[in-house]
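Chains as they are written, first to last, in our numbering: chain X, -16 to 347; chain H, 6 to 459.
Heads up, the beta-carbon is just placed ideally off N, CA and C, and yes, glycines get one too.
Here is the structure we will look at.
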Amino acid sequence: MSRFLYYFIFLTMFSNIIASVPKILLFESKKGAIPSMIAAVIIGTLLVYIIVKLFDAIPGKSLPEMLKIHTPKWFAYPVLFYLFLCWFTAGLITLITYVFLFITFFSPETSIVNTTFAFVLVISFGVLMKSRSMLYMAEIVIVLFVPLIFFLLIKFFANPKLDWDFIEISMMHANHLPSYSAFGAALYIFVGITNLVIFNKLFTKKHKMGWKQLLIIGFTGMVVLFTTYFVPIGYNGFEQIEDFTFPWVSTSDSIRMKYGLIERVIFIFILSFLGIAFVSLLLHWHVALKILESIFEFKRLKWKGKMLAPYIFVIIFVVISLVLTRKLTQYQLFVFSSYFYESLPIFFTVLIISLVIVKRRAKL
Amino acid sequence: MTNIKEKPDPPKLMDELKSQMDPSFDVMLIPLQLEAEAAFLLYLKTTVDGDKLQNVIIKPFFEMQSAQHYRAYIQSSPDIIEIKSDEKILLELTKGSVLIAVQHQFFLVDVKKVNSSSVQQTLMEPTVYGPQQALSEDILTNLNIIRHRYKEPSLKIEILELKDKTHSDIAIIYDDQTVKPAILKTIRKRIKELDVPLIQSAGELQLYLNGKKFTLFPTLMLTERPDRICYNLDAGKVILMVDGSPHALIAPVVFFDFMVSMEDNYHLFWITSFTLILRYFGLITCLVLPALYVAIISYNPDIFRTELALTVAGSRIGVPYPSFIEVLFMLIFMELLTEASIRLPKAISATATTVGGLILGTAATEAALTSNIMIIIVSAVAISSFVIPINEMSFSIRFCRYILLAFTTFFGTVGFILGFLGILMFLINKESFGEPYLKMYWKSRRSEKGVKSE
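What follows is the structure in structure tokens.
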């Protein structure tokens, strides 16, 4: 497996902490979050395996291209539009959640439009880059920020304030039936691999996908999910945990570094996850943009030999996110994102079915 | 053979050429005559080497038995140039050739005088160990230096002539076994497509080869070190040289190339690693420190531990304006100081730095126009920007600093991180002759040798 595929997977895994995933998992903590997480790890790893295998059949091609060649129009365009909506929403949720989080914990005086604008300004430059540059960007950000995240994790686990008794109490609730919304949220961490829909264009070699790779992905997913779920419980107790809006950020504020220049861990936490969230957002919106470009090809819209369509799309993205960050409340965002996570199984089904159809039709 | 003409007529072509170049004072049309045998020389006195002309061209004429012998002698001269057209002859004459007419035949022989062939000391990239000699301003001398250092038969040198008014030669040098053909093709194409009136140095050529009008980061590297040239030849890169310029261009380059000093190859492993880390630390410091100051002072003073935050705030007591003006003010003065000390004659530049650095710095803090900490930051930034081994990169980073500062001023701490990521993204999206400018090179032994990998 190319190292970039791991980056896709790991980036989404890490970025789940600042999305609403922990919130939803903890919200469902008394209604079967633990079995849903176990189910999500097993099914998620399987999905990763299936998707990589299916993409192996169409090396060097992106899914929109294949769909347009091998399937009828009435099938290809709705599917593509649905996929676009999913990716765009995924990016939008990351963006809005992060902006809310930043406003709440970092700079309450700054206007929300200002913070959002800083984001979309850089992102809109970013999503217009070449697809190949995205991969290198993902790699460099991982190299720069993941050591920081590991340092934070060590801090989280080594701190005596982490009370394992709380975690043991939460374990008592393992005997419930899995909850659907917790399952959807947990499944989110395996979504990263689906970025192949566009990036498959850059991979011409077959991916080696054996037991070793599956174990790495499954195990990492397990560790990430359980950290996501149990660390806030360990710090804050089991009873009131579902009331937190940002469980992880609140947790990170309970740790101090006695000898550091920066005393409160929360600042390092927010800034290092800013990098991760940024790249995850970048990847999602880049894929969304590319799919949208494949649906609407305005060949006439040209200026000095440059296609104008992508720029128009990006401006639409920017306007939507600027409006939504102003309009939405924290609660609406939570509801909105839980709907999105609950739709993930449908998303995976649609993706896999269309891949299978492409494979059949192309007789590969 | 008695009726020798007093003064033989020069061939028609020579007359024509001479009239085309008149009224320059230095056009010389000299007849050589011994008994019945005659030859004619046409040259520009200011471009040819007088001694060489006397010894190689004129003297043998009188020592030879006949004009036929002399013709054979000239024909076998190693400096002979093929005559392609009349315009070509004129051009060659201006470059320092002599046109010889013997027995109704014309020969062009190169006897140019080069005053700039002395090899210079390294100025831009000095090293403590390593070779101390740089290149000269004469292309042949430079090629000699390269050949002397890189004795591989696969080393290929192509000479192209510029179409501008200098008609300088451009040498394309590469190792046939390691170079990527696609890159070589692009470079040849870009040089042939050049359409500019005057190119006088490698730096100028770099500007035109970039392919874009507005560029911030260099996509070709300018160097004066023969050892860096050989090192890059070995890595499969293409070297360009312009006649009359003591620098060579290296293409394609990646970001990490600009962080390598040749000294790194001549030291022990840990020492090299240490200096390399130091250099990257300097790079980050000089890029982010001013913006970080603004972000922390104006937006998030609570990031620091309390004691530190109080110290920083305390040092700003009495400063009458927001932090970004303070930073901008000090940075601009620092840039002015740097610029002044580069351009001034050496005798005055010491005064400039003393007056600017010491007196201005102290006075500005005493007048409470800036905080003490700002002075520390400005000097740290100034010093660390000199740590970057290649000057051009240091200039680009200096420029980026202001972009980051502006972004932080407008958007605060989030703008600071996003601006940093944005600069990173800009670099990653950049290409140098089809090679990605910034990416991780895991597989190659050294970052600089990364051109051939995937």
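- The Cβ atoms of H/L210 and H/L145 do not sit closer than 8 Å to each other.
- Of X/L145, X/P47, X/T93, the smallest CA-CA separation from X/S235 is found for X/L145.
- The Cβ atoms of H/I402 and H/L225 lie no closer than 8 Å to each other.
- DSSP, reduced to helix, strand and coil, places X/V297 within a helical segment of the structure shown.
- Excluding sequence positions up to five before and after H/P65, its CB lies within less than 7 Å of the CB of Y75, Y78, all in the same chain and listed in chain order.
- The C-alpha of X/Y60 lies about 14 Å from the C-alpha of X/V341.
- Within 7 Å of the CB of X/K113, the CB atoms of chain H belong to N434, in sequence order along the chain.
- Using a Cβ distance threshold of 8 Å, X/T28 and X/G288 do not count as a contacting pair.
- Closest by C-alpha distance to H/L214, out of H/L199, H/L349, H/T228, H/L221, is H/L199.
- Inclusion of H/V299 and H/S376 in the CB contact set at 8 Å is not warranted, their separation being larger than that value.
- CA-CA distance, H/F260 to H/F421, rounds to 22 Å.
- Straight-line measurement puts the Cα of H/L315 at about 12 Å from the Cα of H/I378.
- A Cβ-Cβ distance of about 26 Å is found for the pair X/I7 and X/A121, leaving them out of contact under the 8 Å criterion.
- Between the alpha carbons of H/I301 and X/K36 lies a gap of roughly 49 Å.
- One Cα belongs to H/I408, the other to X/F100, and the distance between them is close to 16 Å.
- For the region 115 to 137 of chain X, the residues whose beta carbon sits under 9 Å from a beta carbon of chain H are, in order, R115, S116, M117, L118, Y119, M120, E122, I123, V124, V126, L127.
- Going by C-alpha positions, X/V302 is about 47 Å away from H/G241.
- With a threshold of 16 other beta carbon atoms within 10 Å, H/H172 falls short and is exposed.
- In this structure, X/G204 sits near X/I172, with a CB-CB distance shorter than 8 Å.
- Contact between H/V392 and H/R284 holds, since their C-beta atoms are separated by about 5 Å, short of 8 Å.
- Distance from the Cα of H/E68 is smallest, within the candidate group H/I382, H/G208, H/L39, H/T51, for H/L39.
- Nearest Cα to H/S121 within the set H/T183, H/P28, H/T358, H/D248: H/D248.
- Of all residues in the region 244 to 268 of chain X, only L244, I245, E246, F250, L254, L257, G258, F261 place a beta-carbon less than 7 Å from a beta-carbon of chain H.
- With contacts defined as CB atoms closer than 8 Å, X/F67 and X/I329 fail to qualify as a contacting pair.
- According to the DSSP assignment, H/P36 belongs to no alpha helix (DSSP H) but to the beta strand (DSSP E) extending over 32 to 39.
- For X/M120, there is no enclosing beta strand (DSSP E); the enclosing alpha helix (DSSP H) has its first and last residue at 114 to 141.
- Assignment of H/T220 by DSSP, reduced to helix, strand and coil, places it in the coil class.
- For the 8 Å CB-CB criterion, X/F(-3) and X/I132 form a contact.
- Beta-carbon to beta-carbon, H/L423 and H/L432 are separated by about 15 Å, too far to satisfy the 8 Å threshold.
- With the rule of 3 Cβ pairs closer than 8 Å, the region 316 to 331 of chain X counts as touching the region 71 to 82 of chain X.
- For the region 264 to 294 of chain X, the set of positions with a beta-carbon nearer than 9 Å to some beta-carbon of chain H reads L265 in chain order.
- Runs of beta strand (DSSP E) with 3 or more residues, each lying fully within the region 98 to 171 of chain H, are found at 102 to 107, 110 to 115, 160 to 166, listed in chain order.
- Within the model, the alpha-carbon separation for H/Q182 versus H/I175 is close to 21 Å.
- Look at H/I393 here: in three-state DSSP terms it is coil, with no helix or strand label.
- The Cβ atoms of H/D54 and H/K118 lie closer than 8 Å to each other.
- The continuous alpha helix (DSSP H) containing H/F338 extends over residues 328 to 348.
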